[in-house]
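See below for the structure under consideration.
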Amino acid sequence: MKLIILVFLIVTNPVVVTSEDDYHYMAYVIQWLPTVCGYPGVNCKANIMKEPLRFTLHGLWPGNSTGGSLECNPPPHGTQDKVKEVWKNSKTLEKELHKYWPSLLSGWTDEEFWMHEWKAHGYCTKQTLPAADYFRAAVRNGVFLMEVIKALQGAKMVSDVATSDMKDIRAVLHSMGLSPNPYISCIPKDETHVYLKEIHFCLDKTLRRFIPCPTSQDTRGCGGSNKQQNVMIPSRVIL
Ligand SMILES: *[C@@H]1O[C@H](CO)[C@@H](O)[C@H](O)[C@H]1NC(C)=O
9 MKLIILVFLI
19 VTNPVVVTSE
29 DDYHYMAYVI
39 QWLPTVCGYP
49 GVNCKANIMK
59 EPLRFTLHGL
69 WPGNSTGGSL
79 ECNPPPHGTQ
89 DKVKEVWKNS
99 KTLEKELHKY
109 WPSLLSGWTD
119 EEFWMHEWKA
129 HGYCTKQTLP
139 AADYFRAAVR
149 NGVFLMEVIK
159 ALQGAKMVSD
169 VATSDMKDIR
179 AVLHSMGLSP
189 NPYISCIPKD
199 ETHVYLKEIH
209 FCLDKTLRRF
219 IPCPTSQDTR
229 GCGGSNKQQN
239 VMIPSRVIL
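Start counting the sequence shown at 9; every next residue gets the next number (this note's numbering).
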């Protein structure tokens, strides 16, 4: 009898998964402000530059089983107004979004940045995740931004002169017990050195639990065996 009920449930309750929603994890992508704002041609806001030693949220990006980012189709007209209601209806949420997820770039309001990220990344997961969950997860994990800096500073890795081995950076992040295998992205400093730019921690589909990121071959700009040992986490915006 139990088996019949089970079969009945499976048959009458199909889970519709479109290819768009076929994501395996959600990356919680944080960016190191001194690297991002020091990038040639990048113009960061004056008030952002006053408090440069921090990670801010870049976005939440769904990824597939091999660590690749999904590309969303453009959302239909009018969707954006509904999405904006998520923060317009909650002053607390809006305040925290401004705190953890500011637009670093001049010429972009924070709201424009959040909407851009949601359209480019969040919209892909619409079948599974209401927009409200996307933005709530952004702030729920915001406390970790500070903890990551503290851990890296504690290991004396935030410096204008010291270079770190990627293995050691990974070990520090691992010891925090968040997401055991985060992705790290870099931008080049010169032929032999790179600056750490972003860390992608992986969340499960509920966005409530950190999980190991899928195995990925992508070096995200940190590549080359010599560069892997010459990673810098600058302690000021180098222009
Ligand atoms: C994952 O996405 C990347 C592109 O971002 C793609 O090249 C790769 O084939 C995808 N992997 C799978 C298993 O679909």
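Here a beta-carbon is modelled for each residue, glycine too, at the ideal position from N, C-alpha and C.
Integer-rounded CB distance, given that residue j should sit under 8 Å from residue i
i, j, result
"V239", "I207", "V239 to I207, Cβ: 12 Å. No contact."
"Q39", "T74", "Their Cβ separation, rounded to whole angstroms, is 23 Å, which puts Q39 and T74 out of contact at 8 Å."
Cβ-Cβ distance between residue i and residue j below 9 Å
i, j, result
"V137", "W122", "Residue identity check: residue 137 is Leu in the sequence provided, not Val. For L137 and W122, no; Cβs fall outside 9 Å."
"L7", "C194", "The question about residue 7 has no answer here: the residues shown for the chain are numbered 9 through 247."
"P82", "S243", "no"
"P70", "Y33", "yes"
"D30", "L78", "yes"
"A159", "Y108", "no"
"L101", "V91", "no"
"R62", "M184", "no"
"G76", "D198", "no"
Residue i versus the options, residue with shortest Cα-Cα distance
i, options, result
"T117", "T100, D176, K53", "K53"
"R148", "G232, L68, L41, P188", "L68"
"P220", "H85, V44, L112, P190", "P190"
"R216", "N51, R144, V169, V94", "R144"
"K96", "E119, L112, L78, S111", "E119"
"N55", "E102, G115, A35", "G115"
"L113", "N51, G86, G232, V169", "N51"
"I177", "V169, D168, Q161", "Q161"
"P196", "K99, S98, G232", "G232"
Neighbourhood of residue i by C-beta, 6 Å cutoff - its chain only, sequence neighbours within 5 removed
i, result
"K235", "V202"
"M1", "Residue 1 falls outside the range modelled here, since the chain spans only 9 to 247, and no answer is possible."
"G49", "none"
"T223", "none"
"N72", "H32"
"S167", "S243"
"A163", "V180"
Spatial neighbours of residue i in its chain, beta-carbon cut-off 8 Å, leaving aside the 5 residues before and after
i, result
"L11", "Residue placement at L11 is flagged as unreliable, the pLDDT there being 44, under the threshold of 50; the coordinate-derived value follows with that caveat. So the list is empty, once near-sequence residues are dropped."
"T26", "The predicted position of T26 is uncertain, since its pLDDT is 45 and thus under 50; a value taken from the coordinates is nonetheless stated next. Only Q135 meet the Cβ criterion."
"H66", "V37, I38, Q39, E125, E206"
"K127", "C80, P82, P83, Q88"
"L211", "Y33, M34, A35, Y36, L68, A145, N149, S187, R217, F218, I219"
"A170", "K164, M240"
"L17", "Low confidence applies here, because L17 scores a pLDDT of 39, under 50, leaving its location unreliable; read the following figure in that light. Answer for L17: no residue qualifies."
Contacting residues, own chain, Cβ-Cβ under 7 Å from residue i (five flanking each side not counted)
i, result
"F152", "L186"
"V245", "P42, C45, G46, M57, P60"
"T200", "N234, K235, N238"
"C230", "M174, I192, S193, C194, V202, Q236, V239"
"S98", "none"
Residue i, buried or exposed, once every other Cβ within 10 Å from all chains shown has been counted against 16
i, result
"T133", "buried"
"A139", "buried"
"S111", "buried"
"G130", "buried"
"G150", "buried"
Residue i: CB within 8 Å of a non-hydrogen atom of ligand 3
i, result
"S77", "With respect to small molecules bound, the structure shown includes ligand 1 and not ligand 3."
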